[in-house]
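Trainee: In this note's numbering, the protein residues as written are 13 to 262. Positions of the beta carbon are idealized from the N, C-alpha and C atoms, including for glycine. Model, not experiment: these values are computed from the prediction.
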Ligand SMILES: C[S@@+](CC[C@H](N)C(=O)[O-])C[C@H]1O[C@@H](n2cnc3c(N)ncnc32)[C@H](O)[C@@H]1O
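1) On the CB-based measure, 16 or more other CB atoms within 10 Å of its CB, does residue 6 come out buried or exposed?
2) With hydrogens ignored, establish whether the beta-carbon of residue 127 is closer than 7 Å to any heavy atom of ligand 1.
3) According to DSSP, what are the bridge partners of residue 93?
4) In this structure, how does DSSP classify residue 34 when only helix, strand and coil are distinguished?
5) I'd like the list of long-range same chain contacts for residue 158, defined as Cβ closer than 7 Å, with 5 residues on each side in sequence excluded.
6) If we ignore side chains and look at the alpha-carbon of each, how far apart do residue 288 and residue 128 end up?
7) According to DSSP, simplified to helix, strand and coil, what is residue 88?
8) Who sits around ligand 3, taking every residue whose Cβ is closer than 5 Å to one of its heavy atoms?
9) Give me the Cβ distance between residue 165 and residue 142, rounded to the nearest whole Å; I'm assuming they're in contact under 8 Å.
10) Identify the continuous alpha helix (DSSP H) that holds residue 26 and give its terminal residues.
11) Could you tell me if residue 185 is buried or exposed, where buried requires 16 or more neighbouring beta carbons within 10 angstroms of its beta carbon?
12) Would you kindly check if the distance between the Cβ of residue 55 and the Cβ of residue 76 is under 8 Å?
13) Express the C-alpha separation of residue 256 and residue 15 in angstroms, rounding to a whole number.
14) How far does the beta strand (DSSP E) with residue 186 in it extend, from its first residue to its last?
15) What residue from 214, 154, 175 and 146 has the CA that sits closest to residue 195's CA?
16) Taking 8 Å as the threshold, find out whether the stretch 53-69 comes into contact with the stretch 219-239 through three or more Cβ pairs.
17) Quick one, are the C-beta atoms of residue 247 and residue 69 less than 8 Å apart?
18) Give me the Cα-Cα distance between residue 239 and residue 245, rounded to the nearest whole angstrom.
19) What is the residue span of the alpha helix (DSSP H) that residue 243 lies within?
20) With DSSP as the reference, label residue 81 as helix, strand or coil.
21) State whether the stretch 79-88 contacts the stretch 20-39, with contact taken as three or more CB pairs (one from each stretch) at a distance under 8 Å.
This is the structure in structure tokens:
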């Protein structure tokens, strides 16, 4: 059915039958009931995208779910956005592929969709100026192998948002959560600390690493902007506090 022809009430009914992680305004007065509120998403978008100048860039969104960050990147001037996901798009409970399609249709967004698990990323999908890896790292059993793949498709800057742990430790480390021992969720595997993220990103060839705590949740979650050599001049934003220069202390 062509969603554009739905009445507001019919659209609301359709939305109500779907599972939503992101709260996205599809029309004036019609907002998807996401687990993440609009305010929470707005704070995340402001924090994450303050690290980059998006205008005219190509953006890869890994783990896009309902597409809030793909939509935000497009609205902030990205020239091309590719939204990828697999787990929640195909999960029997979440069934999220039709949700991001509905977001595209209703908002008129042009971002592209590709069903791709992060463990299967290859350079065949292209190289992107800006790569979003938000809320995905700690869900991966082997995040380092995936980070090596992510590096291959990053042409400028990698933006990471992750749960973190071992914050009292100065040495690079991450905590393993067997079974469902973190928040009762068996898809949570690892909690890295900032030194781990710094040194992993350096080993992967990134040169400048900026870090800030999550704007709502504080240091429970971290946001990292990792620039390849030469990329910060082209793509870097303004790193005012609370950004902390891990490689370039201020
Ligand atoms: C917490 S959501 C984050 C969604 C979005 N990027 C955001 O930040 O709001 C986790 C995302 O990671 C993806 N993902 C990738 N591999 C996963 C795995 N092995 N287990 C669970 N989720 C996984 C999910 O499909 C989902 O899109």
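Mentor: The structure says:
1) Residue 6 lies beyond the residue range present for the chain, which begins at 13 and ends at 262; the question has no answer from this structure.
2) The count along the chain shown starts at 1 and reaches residue 127 at position 115. Checking every heavy atom of ligand 1 against the Cβ of residue 127, none is found closer than 7 Å.
3) Your numbering for residue 93 matches position 81 in the chain shown. 71.
4) Walking along the chain shown from the start, residue 34 turns up at place 22. Three-state result, residue 34: strand.
5) Numbered from 1 along the chain shown, position 146 holds the residue referred to as residue 158. Once the five neighbours on either side are set aside, the close Cβ partners of residue 158 are 130, 131 and 152.
6) Only positions 13 to 262 of the chain appear in the structure, and residue 288 is not among them; the question remains open.
7) Here residue 88 corresponds to residue number 76 of the chain shown, with the count starting at 1. DSSP places residue 88 outside both helix and strand once states are collapsed to three, so it counts as coil.
8) Ligand 3 is not part of the structure shown, which contains ligand 1 as its ligands.
9) On the chain shown, position 153 is the one that residue 165 refers to. On the chain shown, position 130 is the one that residue 142 refers to. In this structure, residue 165 and residue 142 do not form a Cβ contact; the two beta carbons are roughly 11 Å apart against a cut-off of 8 Å.
10) Along the chain shown, read from residue 1 onward, the residue named residue 26 stands at position 14. Where residue 26 is concerned, the enclosing alpha helix (DSSP H) stretches over 20-28.
11) In the chain shown, residue 185 corresponds to position 173, counting from 1. Answer is exposed; the Cβ neighbour count stays below 16.
12) Taking the first residue of the chain shown as position 1, residue 76 is located at position 64. Taking the first residue of the chain shown as position 1, residue 55 is located at position 43. No, they are not a contact pair.
13) Your numbering for residue 15 matches position 3 in the chain shown. Your numbering for residue 256 matches position 244 in the chain shown. Interpretation of residue 15 is limited by its pLDDT of 48, a score under 50 that renders its predicted location unreliable; the figure taken from the coordinates is listed afterwards. Between residue 15 and residue 256, the C-alpha separation is close to 44 Å.
14) For this step, residue 186 is matched to residue 174 along the chain shown. Counting along the chain, the beta strand (DSSP E) containing residue 186 begins and ends at 186-188.
15) One-based indexing of the chain shown puts residue 195 at position 183. That would be 175, whose Cα lies nearest to the Cα of residue 195.
16) yes
17) For this step, residue 247 is matched to residue 235 along the chain shown. For this step, residue 69 is matched to residue 57 along the chain shown. Contact flag set, yes.
18) The residue labelled residue 239 in the question sits at position 227 within the chain shown. The residue labelled residue 245 in the question sits at position 233 within the chain shown. Straight-line Cα distance between these residues: approximately 10 Å.
19) Taking the chain shown and counting its residues from 1, the one referred to as residue 243 is at position 231. From DSSP, the alpha helix (DSSP H) with residue 243 extends over 243-247.
20) Position 69 of the chain shown, counting from 1, holds the residue named residue 81. Helix at residue 81.
21) The answer is yes - the stretch 20-39 touches the stretch 79-88, with three or more Cβ pairs under 8 Å.
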